[in-house]
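For reference, the structure discussed in these notes is given below.
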Amino acid sequence: MNMADWLTYTDIEQLKRMNRYYGCENQNSCSKYDLIRSLLQRMNQKNQLEEQIASLDKHEFRFLQLIMLDPSLQYSMEELLAKGRAALDGEKGEPRRFIVDSLKRGWIFPGYSHRTQSLYHVPSDLRERVSEILLKPFRMKGSYREDPPAVYRDEQEQLLHDLDHFLLFLKKEIVRLTLDGAIYKNQQKQMFQTFYVPEEPVSKKGPRFGFGRCYHLYPDRFSLLYDYAYYKGYFIEDKDGYLCLTEKGSGKLNNQEKQKIDHGKELVRFWIRLYRRAIPQLPMVIRLIALLAYPGWIRTVTVYQATESWLNPFYYETKESVFQKVLKMMVHLGVLKIGREGEEQYISLTPSGVKWLYGISAFRERAIEEGFLQRT
């Protein structure tokens, strides 16, 4: 519902409080119609919303981004408090004040029915207007191009095919693990030769941790495939150190799964849950990328500027390297194309990216269970 609809369902005392907040002439009126009319006149004034947003402190601005860019239709109080804590970004403060201020400003409204009265909603027209204002600084002339760059990479569907190639390899070959728990490197090389996107086994140089159960053992893309297939129960690591395809894995190979699964979408959701432990604000980073990288191609340096405040260094990873890792994995997942022309790097959502990233709310994907990450 839009702002006018929500105001209609708002009780008269709340309307008076909002009128007082906005300094409207009819703030003490007993006419609901007059209170709503004066509010809409004030809230729809040219530049009023831009000036209001510009006056926010950094924490209020983060909270605004969190409630307006999240495509969820409604929030529970617990979700709003979690967004308040994320807005504080580890600094001291009271998350509840963001909610109280947003209610005063008419940015969120409680539900009006018995079923929805404990949930909070953002007016649809307000969300659209605020989103445009938030994204406007990054939609600059010169940041976009309609035509693809001279060279670009598009890996749509390829991760799904390589999931099957991995399971087929387990079906045909005897695969034993080293004492470290990894597939022997000669077998990794043999298997990677069957993949659409081959990788090289991980060398022992440099630390690798934090991005999955087997991230320290395998290259990024295969590590995700391995963890996903293991999580889904398509194979087991038996007590003797062998990888064994399960009945469920055979069903996946033969297209005989009991439930129809969109594995492309499920892989995206699983990746968000897996990487969210290391990148807590990954949902916001993904959302900004999705909104800016479609339609057309946008310079990655511009997208980094938009997402930088939502990224943190992670041990040996800098903000920039975390950002590039996110882009790399989104390309592997088939939701993003990446290209280069001259010195500039560009990205654009793929059709699969539009379908999957606009079809799920990454904000509601919880970090993967701690127990899954522990190898026994």
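Plus 4 on top of the position in the sequence shown (first one is 1) and you've got the working numbering.
For glycine and all other residues, C-beta sits at the position ideal for the given N, C-alpha and C.
Asked	Found
Tell me whether the beta-carbon of residue 364 lies closer than 8 Å to the beta-carbon of residue 273.	yes
Closest to residue 250 by C-alpha separation, out of 174, 37, 44, would be which residue?	174
Any beta carbon of chain D sitting closer than 8 Å to that of residue 144?	In the displayed structure, chain D is absent; only one protein chain is listed.
Since residue 248 sits in a beta bridge, which residues does DSSP pair it with?	240
Here's the rule I'm using: 16 or more other beta-carbon atoms within 10 Å means buried, otherwise exposed. How should residue 74 be labelled?	buried
Who are residue 125's beta bridge partners in DSSP?	113
Rounded to whole angstroms, what's the CA-CA distance from residue 21 to residue 285? Just pull it up for me.	34 Å
Can you list, in chain order, the residues of its chain whose CB lies under 7 Å from that of residue 338, leaving out five sequence neighbours each side?	159, 160, 161, 162, 163, 268, 354, 356
CA-CA distance, residue 152 and residue 294?	17 Å
Taking residue 296 as the reference, give the member of 307, 287, 237 with the closest Cα.	307
Can you tell me whether residue 353 is helix, strand or coil according to DSSP?	strand
Compute the distance between the beta-carbons of residue 281 and residue 372, then report whether it is under 8 Å.	yes
Look at the alpha carbon of residue 312 and the alpha carbon of residue 90, and state the distance between them as a whole number of angstroms.	15 Å
Name the one or two DSSP bridge partners that residue 213 has.	Its beta-bridge partners do not exist; DSSP assigns none.
On the criterion of 16 or more Cβ atoms from any shown chain inside 10 Å, does residue 213 qualify as buried, or is it exposed?	exposed
Would you be able to state if there are at least three C-beta pairs under 8 Å between the stretch 59-79 and the stretch 18-34?	no
Got a sec? Which residues, its chain only, sit under 7 Å from residue 240 by beta carbon, not counting five neighbours each side?	248, 250
Are the stretch 319-326 and the stretch 123-141 touching by the rule of at least three beta carbon pairs closer than 8 Å?	no
What is the rounded straight-line gap between the Cα of residue 366 and the Cα of residue 141?	24 Å
Out of 244, 46, 17, 45, which has the shortest C-alpha to C-alpha gap to residue 32?	17
For residue 253 and residue 260, what's the separation of their Cα atoms in angstroms?	10 Å
Per the DSSP calculation, residue 348 is bridged to which residue(s)?	345
Helix, strand or coil for residue 302? Go by DSSP, reduced to three states.	strand
Are three or more beta carbon pairs between the stretch 6-17 and the stretch 29-47 nearer than 8 Å?	yes
Which residues in the same chain have their Cβ closer than 6 Å to the Cβ of residue 196, if we skip the five residues on either side of it in sequence?	202, 203
On the CB-based measure, 16 or more other CB atoms within 10 Å of its CB, does residue 305 come out buried or exposed?	exposed
First and last residue of the beta strand (DSSP E) that includes residue 200?	Unbroken run through residue 200: none, as it is neither H nor E.
According to DSSP, what are the bridge partners of residue 181?	187
Anyone know if the C-beta pair for residue 110 and residue 5 falls short of 8 Å?	no
In angstroms, rounded to a whole number, what distance separates the CA positions of residue 69 and residue 93?	13 Å
With C-beta atoms as the reference, is residue 303 less than 8 Å away from residue 369?	no
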